[in-house]
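Here is the structure we will look at.
Protein chains: 2
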Amino acid sequence: MKFSKATNYALHTMLFLAVVPPNKLIGVQQLAERQEVSPTYLSKILTKLVKAGMIESTSGANGGYRLKRNWEEISFLDIIHAIEGNASLFECDLNHGQDCMIQKIMVTAEEKMEDYLRNQKISELAKKMTAVL
Amino acid sequence: MKFSKATNYALHTMLFLAVVPPNKLIGVQQLAERQEVSPTYLSKILTKLVKAGMIESTSGANGGYRLKRNWEEISFLDIIHAIEGNASLFECDLNHGQDCMIQKIMVTAEEKMEDYLRNQKISELAKKMTAVL
DNA sequence: CAATCAAAGACTTTATTTGCCCATGATAAC
DNA sequence: GTTATCATGGGCAAATAAAGTCTTTGATTG
Numbered sequence: 001m002k003f004s005k006a007t008n009y010a011l012h013t014m015l016f017l018a019v020v021p022p023n024k025l026i027g028v029q030q031l032a033e034r035q036e037v038s039p040t041y042l043s044k045i046l047t048k049l050v051k052a053g054m055i056e057s058t059s060g061a062n063g064g065y066r067l068k069r070n071w072e073e074i075s076f077l078d079i080i081h082a083i084e085g086n087a088s089l090f091e092c093d094l095n096h097g098q099d100c101m102i103q104k105i106m107v108t109a110e111e112k113m114e115d116y117l118r119n120q121k122i123s124e125l126a127k128k129m130t131a132v133l
Numbered sequence: 001m002k003f004s005k006a007t008n009y010a011l012h013t014m015l016f017l018a019v020v021p022p023n024k025l026i027g028v029q030q031l032a033e034r035q036e037v038s039p040t041y042l043s044k045i046l047t048k049l050v051k052a053g054m055i056e057s058t059s060g061a062n063g064g065y066r067l068k069r070n071w072e073e074i075s076f077l078d079i080i081h082a083i084e085g086n087a088s089l090f091e092c093d094l095n096h097g098q099d100c101m102i103q104k105i106m107v108t109a110e111e112k113m114e115d116y117l118r119n120q121k122i123s124e125l126a127k128k129m130t131a132v133l
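Chains as they are written, first to last, in full-length UniProt numbering: chain A, 1 to 133; chain B, 1 to 133.
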């Protein structure tokens, strides 16, 4: 089990958009170059972020992506869920009588991780990054 | 990202061995039937647990598997690591100057989950299970 | 209308997981 | 010591998921 590269690309893209001057439109091209990934592949990831309501896109010349209004509230967990989905990391499909105690423990463990990630805002990290510059 | 079925099989096997009369040898056959998985596949998972020092095996007629001495201390995390390996769930291989802040946050999140799983002993769960019977 | 850029679908490639088959080696029972 | 039993290990095959490409469409700007 591993987080996908797509999640990594999504997190880095969001952080970059949060550091760049607000409302400025950034094209896939530029985002892809920074991360050394093909623009077409990154494009699919960005579309997921658009559908999740985290960024918005503008077509046509000088188009691109930028963050949406509520972006300061967006957490790491939001981004991860947008890319990886919301399903539980552990699912016991064995049919052993009552509900699975192992499953319960695993889900609780996952929630510990999620609790932390829910409190890590991309905006907070962006603030720290710009402070270093 | 998902925990593998192999991890689920391993956890259930360990719990079963912890509930069964101590020192009794259980064959793959029996373990596989309970979980509705092929004996050959489960066998490979069990071999990993043997190599991790959690269970021991006896070949030959009436052979099988049983827990090792220190089994009461074995945690969920130990079992998961034995099957899935010890690598971090998140690895940023982008080469952007300094060390990756995103990576740091993700690793910390993972540690929250691990902290919990380290404190969940299979022996504790076994105790609860037998209490219900 | 021409250039630019995101969206979307189909498709290929690669990696991982899951599972099976068969040969080998250890052990107990007879 | 031979036979039946059972774990170990290698190699292979199928299924699934992740990563990446190509091409068409549709929107927007100039």
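Ideal Cβ positions, reconstructed from N, Cα and C, are used throughout, including at glycine. Treat the numbers as computed from the prediction; the structure is a model and nothing was measured.
*Name, going along the chain, the residues of the segment 119-130 of chain A whose beta-carbon falls closer than 8 Å to a beta-carbon of chain B.*
Q120, L125, K128 and M129
*asked:* Pull the bridge partners of K121 of chain B from the DSSP assignment, please.
replied: B:S75
*If you measure from the beta carbon of Q35 of chain B to each beta carbon in chain A, is any gap under 8 Å?*
yes
_Cross-strand partners of G64 of chain B (DSSP beta bridge)_ = B:T58
*Show which residues of chain A have a CB atom less than 8 Å away from the CB atom of S4 of chain B.*
M1
*Run down chain A in chain order and give the residues with a C-beta less than 8 Å from the C-beta of Y116 of chain B.*
Taking a Cβ-Cβ cut-off of 8 Å, the neighbours of Y116 of chain B in chain A comprise T108, A109 and K112, given in sequence order.
_Would E84 of chain B pass as an interface residue toward chain A - the criterion being a Cβ-Cβ separation below 8 Å?_
Interface flag for E84 of chain B against chain A is set, since a Cβ pair is found closer than 8 Å.
*Measure the C-alpha to C-alpha separation of M101 of chain B and L11 of chain A and round it to an integer number of angstroms.*
11 Å
*Taking 8 Å as the CB-CB limit, is M101 of chain A close to chain B?*
yes
*So who's on the other strand from I26 of chain B, going by DSSP bridges?*
B:Y65
*Quick one: does N70 of chain B have its CB under 8 Å from some CB of chain A?*
no
_On the DSSP letters alone, give me the boundaries of the alpha helix (DSSP H) that A18 of chain A sits inside._
K5 to V19
*Would I105 of chain B count as contacting chain A if we go by Cβ distances under 8 Å?*
yes
_Looking only at its chain, what residues have a beta carbon closer than 7 Å to the beta carbon of T130 of chain A, apart from the 5 residues adjacent to it on each side?_
Shown here for T130 of chain A: same chain residues with a beta carbon closer than 7 Å to its own, the five before and five after excluded, namely V19 in chain order.
_Let me confirm a value: N8 of chain B is counted as buried when at least 16 other C-beta atoms fall within 10 Å, else exposed. Which label applies?_
buried
*asked:* Strictly below 7 Å CB to CB, what residues from chain A border L89 of chain B?
replied: M1, K2 and F3
*Taking the Cβ atom as the reference point for each residue, do S123 of chain B and E91 of chain B lie within a distance shorter than 8 Å?*
no
*Show which residues of chain A have a CB atom less than 8 Å away from the CB atom of N23 of chain B.*
Neighbours of N23 of chain B on chain A: none; closest Cβ ~23 Å, over 8 Å.
_Quick check on this structure: which residue in B:N62, B:S38 and B:M106 has the alpha carbon closest to the alpha carbon of L25 of chain B?_
B:N62
*Look at the Cβ atom of K112 of chain B, then the Cβ atom of S75 of chain B, and state whether they are nearer than 8 Å.*
no
*Within 8 Å (strictly less), CB to CB, does H81 of chain B reach chain A?*
no
*Starting from the beta carbon of L15 of chain B, find every residue of chain A whose beta carbon is closer than 9 Å, and list them in chain order.*
M101 and I102
*Is N8 of chain B close to chain A, meaning its C-beta is less than 8 Å from at least one C-beta of that chain?*
yes
_Distance between S38 of chain A and N23 of chain A (C-alpha atoms, nearest Å)_ = 24 Å
_Residues in the same chain with beta-carbon distance under 6 Å from N119 of chain B, minus the five sequence neighbours each way, listed in chain order, please._
none
*On a CA-only basis, which of A:E114, A:D99 and A:D78 is nearest V132 of chain B? Give me that one, please.*
A:D99
_For L31 of chain B and Q103 of chain B, what's the separation of their Cα atoms in angstroms?_
39 Å
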